[in-house]
Amino acid sequence: MAHSATFGTSPIPCKSGVGLKPEHYRDILDSAPDIGWFEIHAENYMGAGGPPHAYLTAIRERYPISLHGVGLSIGGASPLDTEHLARLRALADRYQPALFSEHLAWSSHDTVYLNDLLPLPYTEETLARVCDHINEVQDAMQRQLLLENPSTYLSYIETTMAEVDFLREIARRTGCGLLLDVNNVFVQAANHGFDADAYLDAFPMEHVGEIHLGGHAQDTDEDGSLLLIDDHGREVADPVWTLYERGLAHTGPMPTLIEWDNDVPAWPLLLAEAQRADRVLVASTPVRAATAPERVTAL
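Residue numbers (the numbering used here): 156 to 454.
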């Protein structure tokens, strides 16, 4: 059953949201928390019905949602899975998310599916493939896609473009927007040895329609050097909050998601993280209209 007539197209406010987890369904419905929105992982709701859809329907009647995919493999060398894309479209038609996002990564090849989001070489060949795939997705979905900057642990010697330039060119060619994951910037800066502040200052902020914040874990690589893992399993680290403030100085207030996907905490702790993001948002100085960018190419 489609619910677009009931849900409409509720916009995402420039407030914090959190990822919707089954552990919190009842807390949300019973307490009706003052929170801006919820994000759902698309692949968790591709079944036809059952309790997940019953809870999501009830929550969607009260709050706007965003739809975040993890399985399109936009950077993959193989053609997109049209059946998966059709299921994604059906889910979007059913719940009418205000934002739709995916990752700059690949996770499948032919019939092999990997439980990870893998990095790409930033080359002209990869750029053309990613743009073709994004155009296909946006045409099929009839909505703009926000592409998330990756969290990576290695780089390719074939790379010829800086990541920020690669993302800027994707947005220019396809009209997609960008999802700025600040924790991913921090993790990559530590792992690859670049300046996170300089990366943010060079990021194509004019295309950003959403921000993600999450926790990370510390590890060491084979030579004993620090290695950060984007595990979404704890509170946002203080340096990431500082980097977030720097990002908001460029964008102004922006819909901001707290990602906590592993070792999911009790609802009050997750809500407290969202409330901290709201305090930062209120204190930020807007420098431009903080709305998701409009798609400039025809659908």
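For glycine and all other residues, C-beta sits at the position ideal for the given N, C-alpha and C.
Looking at the secondary structure, which residues open and close the alpha helix (DSSP H) in which residue i lies?
| i | result |
| --- | --- |
| Q293 | 279-296 |
| H405 | 393-406 |
Would residue i and residue j qualify as a contact pair, given that the criterion is a beta-carbon distance under 8 Å?
| i | j | result |
| --- | --- | --- |
| L322 | N304 | yes |
| H362 | A404 | no |
| V342 | S310 | no |
| L273 | L302 | no |
| L300 | A345 | no |
| T278 | T315 | yes |
| G364 | G332 | yes |
Is residue i helix, strand or coil when you go by DSSP?
| i | result |
| --- | --- |
| Q251 | coil |
| A438 | helix |
| S171 | strand |
| H347 | helix |
| I183 | helix |
| I214 | helix |
| T314 | coil |
| H455 | Residue numbering for the chain in the displayed model covers 156 to 454; residue 455 lies beyond these limits and cannot be assessed. |
| L140 | The question about residue 140 has no answer, for the chain in this structure spans 156 to 454. |
| T329 | helix |
| H208 | helix |
| E390 | coil |
| P166 | coil |
| L227 | coil |
Tell me which residue opens and which closes the beta strand (DSSP E) that residue i is part of.
| i | result |
| --- | --- |
| W192 | 192-196 |
| D374 | 372-375 |
| D336 | 332-336 |
| H223 | 220-223 |
| I413 | 411-414 |
| L302 | 301-303 |
Between the options, which lies nearest to residue i when the distance is taken from Cα to Cα?
| i | options | result |
| --- | --- | --- |
| E400 | D416, I366, F193 | I366 |
| E178 | L275, P423, W396, G402 | P423 |
| I289 | R217, D182, L235, A203 | L235 |
| W396 | S439, V419, G202 | S439 |
| C286 | G230, D385, F358, N199 | G230 |
| G369 | F358, E324, N417 | N417 |
| K176 | K170, I167, P168, P206 | P206 |
| T406 | P420, D386, L383, L436 | L436 |
| V419 | Y180, P276, A187 | Y180 |
Given 7 Å as the limit, tell me if residue i has its C-beta closer than that to any heavy atom belonging to the ligand GTP.
| i | result |
| --- | --- |
| L322 | This structure lacks the ligand GTP; in fact it carries no ligand of any kind. |
Compare the C-beta of residue i with all C-beta atoms of chain D and state if any pair is closer than 8 Å.
| i | result |
| --- | --- |
| Y200 | Although the question refers to chain D, the structure presented lacks it and comprises just one protein chain. |
Would you say the region 416-436 touches the region 387-394, given that touching needs at least three Cβ pairs under 8 Å?
The region 416-436 is in contact with the region 387-394.
Inspect the CB distances between the region 216-226 and the region 238-255 and report whether three or more fall short of 8 Å.
Counting C-beta pairs closer than 8 Å gives three or more between the region 216-226 and the region 238-255, which meets the contact rule.
Using 8 Å as the Cβ pair cut-off and three pairs as the minimum, do the region 408-417 and the region 347-356 touch?
Contact fails: fewer than three Cβ-Cβ distances are below 8 Å.
Determine, using beta-carbon pairs with one atom in the region 292-302 and one in the region 371-386, whether at least three such pairs fall under 8 Å.
Touching, no.
Just checking, does the region 238-246 make contact with the region 207-221 on the three C-beta pairs under 8 Å criterion?
Too few Cβ pairs lie closer than 8 Å, so no.
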